[in-house]
Amino acid sequence: MSEYINFVGSVAVSPTLNPSEVRYLERFAATRRMSRASGPYSTIETGRLVIPDGDILDVNTPPTGQPGLSCQWVPANDGTRIEWNRRSKFRFADEWLAYIIDHFLAPDAVLAQELSNPVEGRYYAPEFADFTFDHTLNGSVDAYSEFGERWQLVVNGNAVSLQGV
């Protein structure tokens, strides 16, 4: 059984995310991150019942490189920050934040490099055409576990670290 962790705060994004970046990152966080033939960026909705369908390879294994089945970091509506979506039991919060930055937002983002030489058969969201890959994130988020432990997720110039663990 995993413990409940409450996150307080957000991480600033500069420059502000554009509407396409906000839309895709919201959808990314809303979908189960499972191994798919269409690749790690797929945001195809499955509803509550998840059945392997040719695209879904394994409902209980995240795509290679993604830390878990659920990413709970979402952009604020105005695109100025990344924050916790308040869903329970967010595992791998620091790893997910680093993934979002490293794959979608930073100037040297993995996706930016991949779009110059796309992987055949992989899903690339229409919004990717508008991604700017020019963001720097800074800030901290306080974390409180149900058992009284406290720590901080700190982002400094796109580098994610934990303090007080």
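Residue numbers for the sequence shown, in this note's numbering: 410 to 574.
All C-beta atoms in this analysis are idealised placements derived from N, C-alpha and C, irrespective of residue type, glycine included.
Check	Outcome
Length of the line joining the Cα atoms of glutamate 536 and tyrosine 433	6 Å
Three-way DSSP call (helix, strand, coil) for glutamate 492 in this model	strand
Tyrosine 553: first and last residue of the uninterrupted beta strand (DSSP E) it sits in	545-554
Which listed residue (Phe540, Phe499 and Ile453) has its alpha carbon closest to that of glycine 477	Phe499
Other residues of its chain near glutamine 561: CB distance less than 8 Å, five sequence neighbours each side excluded	Ser549, Val550, Asp551, Ala552, Leu571, Gln572 and Gly573
When Asn547, Ile510 and Gly557 are compared against threonine 541, the one with the closest alpha-carbon	Ile510
6 Å CB neighbourhood of phenylalanine 513 in its chain, flanking five on each side removed	Leu520
Anticipated Cβ contact below 8 Å, threonine 452 with alanine 534, distance rounded	6 Å
Collapsed DSSP secondary structure at arginine 445 in the structure displayed	strand
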